[in-house]
Amino acid sequence: MSQTDNATATSPAKSDFIRDMIAEDLQQGRNDGWVVTRFPPEPNGYLHIGHAKSICLNFGLALENAPKARCHLRFDDTNPIKEDTEYVESIMEDVKWLGFDWGQHLFYASDYFEKLYEFAEQLITKGLAYVCDLSPDQVREYRGTLTEPGKNSPWRDRSVEENLELFRKMRAGEFADGSRILRAKIDMAHPNITMRDPAMYRIMRAHHHRTGDAWCIYPMYDYAHPLSDALESITHSLCTLEFEDHRPFYEWLIANVNGLPGSPYQREFARLNLNYTVMSKRKLLRLVKENHVNGWDDPRMPTISGFRRRGYTPESIRHFCSTIGLTKFKGVTDYAVLEHCIRDDLNKRALRASAVLRPIKVVIENYGADRVEELEFPNNPEDPNAGVRMVPMCNEIYIDADDFMEEPVDGFHRLAPGREVRLKMAFCIICKEVVKNADGSIKELICTYDESTRHGKKPEGRPKPKGIIHWVSARHAVDAEVRLYDRLFTVESPDAGDEDFLQFLNSASLEIVAAKVEPSLAIAGAGARYQFERVGYFYVDPKDSVLGRPVFNRTVTLKDSWAKVAAK
RNA sequence: UACCUCGUGGUGUAACGGUAACACAGGAGAUUUUGGAUCUCUUAUUCAAGGUUCGAAUCCUUGCGAGGUAGCCA
Numbered sequence: 000m001s002q003t004d005n006a007t008a009t010s011p012a013k014s015d016f017i018r019d020m021i022a023e024d025l026q027q028g029r030n031d032g033w034v035v036t037r038f039p040p041e042p043n044g045y046l047h048i049g050h051a052k053s054i055c056l057n058f059g060l061a062l063e064n065a066p067k068a069r070c071h072l073r074f075d076d077t078n079p080i081k082e083d084t085e086y087v088e089s090i091m092e093d094v095k096w097l098g099f100d101w102g103q104h105l106f107y108a109s110d111y112f113e114k115l116y117e118f119a120e121q122l123i124t125k126g127l128a129y130v131c132d133l134s135p136d137q138v139r140e141y142r143g144t145l146t147e148p149g150k151n152s153p154w155r156d157r158s159v160e161e162n163l164e165l166f167r168k169m170r171a172g173e174f175a176d177g178s179r180i181l182r183a184k185i186d187m188a189h190p191n192i193t194m195r196d197p198a199m200y201r202i203m204r205a206h207h208h209r210t211g212d213a214w215c216i217y218p219m220y221d222y223a224h225p226l227s228d229a230l231e232s233i234t235h236s237l238c239t240l241e242f243e244d245h246r247p248f249y250e251w252l253i254a255n256v257n258g259l260p261g262s263p264y265q266r267e268f269a270r271l272n273l274n275y276t277v278m279s280k281r282k283l284l285r286l287v288k289e290n291h292v293n294g295w296d297d298p299r300m301p302t303i304s305g306f307r308r309r310g311y312t313p314e315s316i317r318h319f320c321s322t323i324g325l326t327k328f329k330g331v332t333d334y335a336v337l338e339h340c341i342r343d344d345l346n347k348r349a350l351r352a353s354a355v356l357r358p359i360k361v362v363i364e365n366y367g368a369d370r371v372e373e374l375e376f377p378n379n380p381e382d383p384n385a386g387v388r389m390v391p392m393c394n395e396i397y398i399d400a401d402d403f404m405e406e407p408v409d410g411f412h413r414l415a416p417g418r419e420v421r422l423k424m425a426f427c428i429i430c431k432e433v434v435k436n437a438d439g440s441i442k443e444l445i446c447t448y449d450e451s452t453r454h455g456k457k458p459e460g461r462p463k464p465k466g467i468i469h470w471v472s473a474r475h476a477v478d479a480e481v482r483l484y485d486r487l488f489t490v491e492s493p494d495a496g497d498e499d500f501l502q503f504l505n506s507a508s509l510e511i512v513a514a515k516v517e518p519s520l521a522i523a524g525a526g527a528r529y530q531f532e533r534v535g536y537f538y539v540d541p542k543d544s545v546l547g548r549p550v551f552n553r554t555v556t557l558k559d560s561w562a563k564v565a566a567k
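Going by numbering that gives the first Met the number 0, the first sequence opens with residue 0, and the numbers climb by one from there.
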């Protein structure tokens with residue numbers, strides 16, 4: 000249960016427009032039959048479920064097309080002011096946890112800084128790039144607008160020699176930050192703004208997490224990415240839709256730079272959107288920095304580390320990613336699909352246990368005050384191989400507050416004064432009396448049990464109880480902290496309107512309860528997953544749980560058709 | 001009256017000129033020592049208008065709608 004299975008090529012590989020395209024390439028014999036992809040995160044934040052889609056795609060393609068296929072992990076670390084090794088480490092951990100392996104193919108765009116610099120000189124030499132002295136404001140002004148063409152920079156026609164000299168001085172640190180850029184010389188009237196002499200290098204004195212202070216000029220993504228792809232002989236560079244407009248520049252670079260080992264092409268797919276959450280790194284960063292959640296791995300976060308700590312399995316996330324498909328349509332996937340995937344997985348694998356989240360004490364007056372017995376429970380009714388365990392019973396038990404109603408509404412099948420229910424895997428009890436505290440709250444329930452109703456036998460002379468409830472022995476129960484997580488936002492699209500998405504934060508997204516759990520759970524190991532019967536799936540918190548005093552995170556509730564009826 | 005992309009049940013996807021299907025969600029029932037799970041049944045779909053064709057979700061035209069793009073971010 001705790002070990003993770005790596006992804007395999009046998010995972011369902013449905014067809015989609017990307018796979019169709021690759022099949023066509025293979026059929027045409029392009030790239031000598033190789034499929035080389037890459038997952039290129041910038042190490043400026045933690046990976047989220049949207050990245051999982053890209054990881055499953057890129058690494059999945061490598062698996063599906065083996066042996067002439069591979070997927071690289073490449074850190075796109077071209078903007079040092081935002082990047083950090085903490086993020087590099089978390090990204091590697093998350094990719095591995097998802098079940099993927101980059102093998103020897105770990106790269107950094109910063110590894111190519113020298114090469115990239117040489118390519119820039121090459122473009123200058125060809126008259127395809129120039130140093131521009133315009134200020135950022137002027138660059139914007141000269142660029143034109145969406146509907147009007149731009150105009151040429153006054154520095155556009157410098158000689159090759161002058162450009163070369165200036166660019167070398169840029170590298171040598173002779174100019175102030177932001178004072179000059181190297182631009183491609185394309186077309187300032189191009190209808191696609193990306194092609195209006197895009198910036199390739201900027202001057203930025205920032206400490207880089209890998210190259211330190213070796214550089215004071217850094218390449219732009221649009222320049223570095225295509226060339227990095229080519230240097231690694233990537234064949235298919237797959238990215239999200241917002242880069243579609245950048246494709247012509249990608250192709251321009253591949254066509255105009257000589258000495259590239261590969262000739263990749265870029266295609267774009269729609270990023271994942273999930274309702275009831277936010278997915279942008281900026282917003283996630285804000286949730287963390289402003290302490291709306293407890294760090295990147297808070298179980299309410301849509302980060303991979305958040306889902307991991309919530310108790311999701313890598314298999315369930317991979318299954319989710321294959322379920323949602325791959326298109327260019329920007330849709331919003333229902334969170335229920337993700338929940339279905341984790342329930343489906345855990346139903347088959349999670350051991351069952353009894354836990355009472357909001358305990359009410361029940362005294363079984365005819366049971367015998369000193370009597371204790373051990374009852375046999377299946378560990379997983381879905382899996383006979385999971386075996387059985389013994390669970391103690393005595394005359395005092397806890398049941399869940401949800402399973403008792405002093406004045407039962409229509410359709411309520413559980414315990415109420417004068418009513419009978421079955422205690423799961425034990426016997427039936429009838430509620431004789433409700434004992435109250437001075438403040439009117441329930442102190443305990445006095446019940447009687449019927450010895451003849453064991454092993455599923457129905458009571459004689461009375462109707463068969465419709466309700467079966469879970470319980471734990473009060474004298475044997477273990478105290479546990481249970482963290483009940485719910486969706487982080489109250490609305491489907493927290494970031495849709497002009498309003499601040501934080502105002503839609505769900506104030507009830509975390510409820511911590513003091514639960515009573517069956518004794519076998521005292522030694523629940525970090526990372527173990529259980530189904531608390533009739534309640535949901537729970538994960539032993541890897542950071543806060545200790546032996547004897549376990550902490551459980553609710554991964555997802557069980558489907559509860561009564562709750563749905565009761566809500567009406 | 002810029003450029004690019006996308007429009008199939010409530011949601012996400014499939015159908016690659018030949019009976020519009022799958023999953024989730026919703027509804028009904030069966031079953032059940034989890035109101036779970038499982039099983040059965042069910043509601044509901046091609047943005048619009050023209051055109052091509054024996055036949056169009058698919059090809060063409062036009063329109064409409066949605067989104068992206070004016071960082072020295074990625």
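In this text, a Cβ means the ideal position worked out from N, Cα and C, and glycines have one as well.
This structure is a prediction, so every number in the text was calculated from the model and none was measured.
Next on the checklist: On the CB-based measure, 16 or more other CB atoms within 10 Å of its CB, does HIS224 come out buried or exposed?
Outcome noted: HIS224 counts as buried, since no fewer than 16 other beta carbons sit within 10 angstroms of its beta carbon.
Item to check | Collapsed DSSP secondary structure at LYS168 in the structure displayed | outcome: LYS168 falls in the helix class under three-state DSSP.
Checklist entry - Contact between the region 114-133 and the region 145-161: three or more CB pairs below 8 Å? => result Counting Cβ pairs under 8 Å, three or more are found: they touch.
Item to check | Distance between SER109 and ARG486 (C-alpha atoms, nearest Å) | outcome: Those two C-alpha atoms are separated by around 38 Å.
Checklist entry - So is LEU145 buried or exposed if we call it buried at 16+ other beta carbons inside 10 Å? => result Taking every protein chain shown into account, the CB of LEU145 has fewer than 16 other CB atoms within 10 angstroms, so this residue is exposed.
Checklist entry - For PHE16, does the count of other Cβ atoms within 10 angstroms reach 16, so buried, or fall short, so exposed? => result Burial state of PHE16 is exposed, judged by a 10 Å Cβ sphere holding fewer than 16 other Cβ atoms.
Next on the checklist: Bridge partners for ALA128 per DSSP, in chain order?
Outcome noted: Paired residues: ALA183.
Checklist entry - How about VAL480 and VAL534: are their beta carbons less than 8 Å apart? => result Reading off the sequence shown, one finds Glu at residue 480, where the question assumed Val. Against a cut-off of 8 Å, the Cβ pair of VAL534 and GLU480 comes out as no contact.
Item to check | 8 Å CB neighbourhood of ILE511 in its chain, flanking five on each side removed | outcome: The beta carbon of ILE511 sits closer than 8 Å to those of GLU480, VAL481, ARG482, LEU483, all from its chain and outside the five residues before and after it, given in chain order.
Checklist entry - Taking only runs of the beta strand (DSSP E) that begin and end inside the region 252-325, which ones reach a length of at least 3 residues, in chain order? => result Correct list: 264-268.
Next on the checklist: So, does the region 310-318 touch the region 79-99, judging by three or more C-beta pairs under 8 Å?
Outcome noted: The region 310-318 makes contact with the region 79-99: 3 or more CB pairs, one atom from each, lie closer than 8 Å.
Item to check | Exposed unless 16 or more other CB atoms sit within 10 angstroms - verdict on GLU459 | outcome: For GLU459, the number of other beta carbons within 10 angstroms of its own is below 16, and it is reported as exposed.
Checklist entry - Is the number of C-beta pairs between the region 230-242 and the region 23-39 that are closer than 8 Å three or more? => result Contact holds between the region 230-242 and the region 23-39, because three or more Cβ pairs, one in each stretch, are under 8 Å apart.
Checklist entry - My guess is that ALA400 and ARG357 are in contact by the Cβ rule of under 8 Å, so how many angstroms apart are they, rounded? => result Taking 8 Å as the upper bound for CB-CB distance, ALA400 and ARG357 are in contact here, some 4 Å apart.
Next on the checklist: For ASP540 and GLY524, I'd like the C-alpha separation in whole angstroms.
Outcome noted: Straight-line Cα distance between these residues: approximately 9 Å.
Next on the checklist: Quick check on PRO197: buried or exposed, where buried means 16 or more other Cβ atoms within 10 Å of its Cβ?
Outcome noted: When all chains shown are included, PRO197 counts as buried.
Checklist entry - Can GLU267 and PHE242 be called in contact, C-beta distance under 8 Å? => result For GLU267 and PHE242, yes; Cβs fall inside 8 Å.
Checklist entry - Going straight from the alpha carbon of TYR217 to that of ALA51, what length do you get? => result TYR217 and ALA51 have their C-alpha atoms roughly 28 Å apart.
Checklist entry - Residue range of the beta strand (DSSP E) that LYS442 falls in? => result Unbroken beta strand (DSSP E) run through LYS442: 441-449.
Checklist entry - Under 8 Å between the Cβ atoms of LEU284 and GLY44? => result Cβ distance < 8 Å, so LEU284 and GLY44 count as in contact.
Checklist entry - Taking buried to mean at least 16 other C-beta atoms within 10 Å of its own C-beta, is ILE522 buried or exposed? => result Exposed is the call here.
Checklist entry - Start and end of the alpha helix (DSSP H) containing SER655? => result Within the shown structure, residues of the chain are numbered from 0 to 567, placing residue 655 beyond reach of any answer.
Item to check | Of the residues ASP402, THR312, TYR334, the one placed nearest ILE359, counting alpha carbons only | outcome: The shortest Cα separation from ILE359 among ASP402, THR312, TYR334 belongs to ASP402.
Checklist entry - If we count the other Cβ atoms within 10 Å of its Cβ and call it buried at 16 or more, is HIS207 buried or exposed? => result Under this definition HIS207 is a buried residue.
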